[in-house]
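Working notes for the structure below.
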Amino acid sequence: MISIVDQVVSWGLIIFGTFTPIYFLFKVLGFSGFQGLTSYIPGNTPLHRLNPMTKLVILVGITLTASSSIWWVGALEGLVLLPLFYPLKLVRKVAGFSFAQVVGMAWGFAVFTSPSVLSLIFHSYNVVWVFPSYFQYLGYVPELSVQALEYGFQTAMRVWAMLLASSLLLVTTTPTDVMRTLERLGLPESLTLSIMIGMAFVPRVFSTMDESYRLQQLREEGILNSVKAVYRSVIPVAIFLFRRARITGLSLETRAFGKRRRRLGEAKISRFDLEVMIAVFSFTMIDLVLVAIGVIPAIPFR
4 MISIVDQVVS
14 WGLIIFGTFT
24 PIYFLFKVLG
34 FSGFQGLTSY
44 IPGNTPLHRL
54 NPMTKLVILV
64 GITLTASSSI
74 WWVGALEGLV
84 LLPLFYPLKL
94 VRKVAGFSFA
104 QVVGMAWGFA
114 VFTSPSVLSL
124 IFHSYNVVWV
134 FPSYFQYLGY
144 VPELSVQALE
154 YGFQTAMRVW
164 AMLLASSLLL
174 VTTTPTDVMR
184 TLERLGLPES
194 LTLSIMIGMA
204 FVPRVFSTMD
214 ESYRLQQLRE
224 EGILNSVKAV
234 YRSVIPVAIF
244 LFRRARITGL
254 SLETRAFGKR
264 RRRLGEAKIS
274 RFDLEVMIAV
284 FSFTMIDLVL
294 VAIGVIPAIP
304 FR
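Numbering (our numbering), first residue to last: 4 to 305.
Given below as structure tokens:
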């Protein structure tokens, strides 16, 4: 029979791993924090002066290297990108989001990854805690191991750099600049329009969610009501999205979208852009070659 202490510790671990990221996302960061990480911020930083195509090259390079290489490659890339948020005054928001993302992903992979997979990767399996048997019905692995926590952390580091690079692209590039760049690459107008609408509407969605959530919180007080307020704010946000979608559709139809080629002009590629592109391309190719010959381990290995 499982003791009360084991029950309390097991549920304490589950609550910490599951609700700590949620708390940081909604209480510390909040919907306004998401809005800040996805909205364009005017400025004159080196990132603002880069051509949007250069930023896309950086994002693609980081995605390729972080997703295919050993975990510390993504971690180093994230540490390099993190100071770039300081001139944008987003360090606090990025730190809160990063903590929630790392804890959430690390815990999610730790309790759901099969022990056989972990043994194949690490060649060892050291159990630190055994959950009650009924946890299996929730989908949890019965045993929590050191290797499971390490594997979860490694996976989170691979994703961390990609999220930071995506956020930097959003906060330093206007939707019009992105659309101009994608048109220059020859992508279909429907695809470029979808990306442009997404970049323009995501901050508005978070702004609407924040307003709706705060209004719902005025109805009652307490932690339970804060949770209810999240669900109650879904309907107002859905109505906002439907209305904006209808207005956008009418606007595109009125302007005869797709009947003629859009001409937004072209942003010049400077010497600094070329240097950054060459550096990113060189780093990406070196990393992929080292992964191919086995110098740098690749997924799923350490």
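The beta-carbon is built from N, C-alpha and C at its ideal position, and this holds for glycine as well.
Bear in mind that the values here come from a model prediction, so they are computed numbers and not experimental data.
{"Asked": "Spatial distance of F243 from M212 (CA atoms)", "Found": "10 Å"}
{"Asked": "Coil, strand or helix - L147 by DSSP", "Found": "strand"}
{"Asked": "V131, DSSP secondary structure in three states", "Found": "strand"}
{"Asked": "Beta-carbon gap between A69 and M108 smaller than 7 Å", "Found": "no"}
{"Asked": "Rounded separation between Q220 and A232 - CA only", "Found": "6 Å"}
{"Asked": "Distance, P239 Cα to R310 Cα", "Found": "This structure cannot speak to residue 310, because the chain is shown only from 4 to 305."}
{"Asked": "First and last residue of the uninterrupted alpha helix (DSSP H) at Q139", "Found": "Segment: none, Q139 is in no alpha helix (DSSP H) and carries neither H nor E."}
{"Asked": "Same chain, Cβ closer than 6 Å to T48, neighbours up to 5 away in sequence not counted", "Found": "P90"}
{"Asked": "F88 classed as buried or exposed, judged by whether at least 16 other C-beta atoms fall within 10 angstroms", "Found": "buried"}
{"Asked": "Local conformation of I73 per DSSP, three classes", "Found": "coil"}
{"Asked": "Selection from I124, R52, T179 and P145 that minimises the alpha carbon distance to V131", "Found": "P145"}
{"Asked": "Beta carbon proximity, L59 to chain C, threshold 7 Å", "Found": "This model lacks chain C altogether, as it is built from one protein chain only."}
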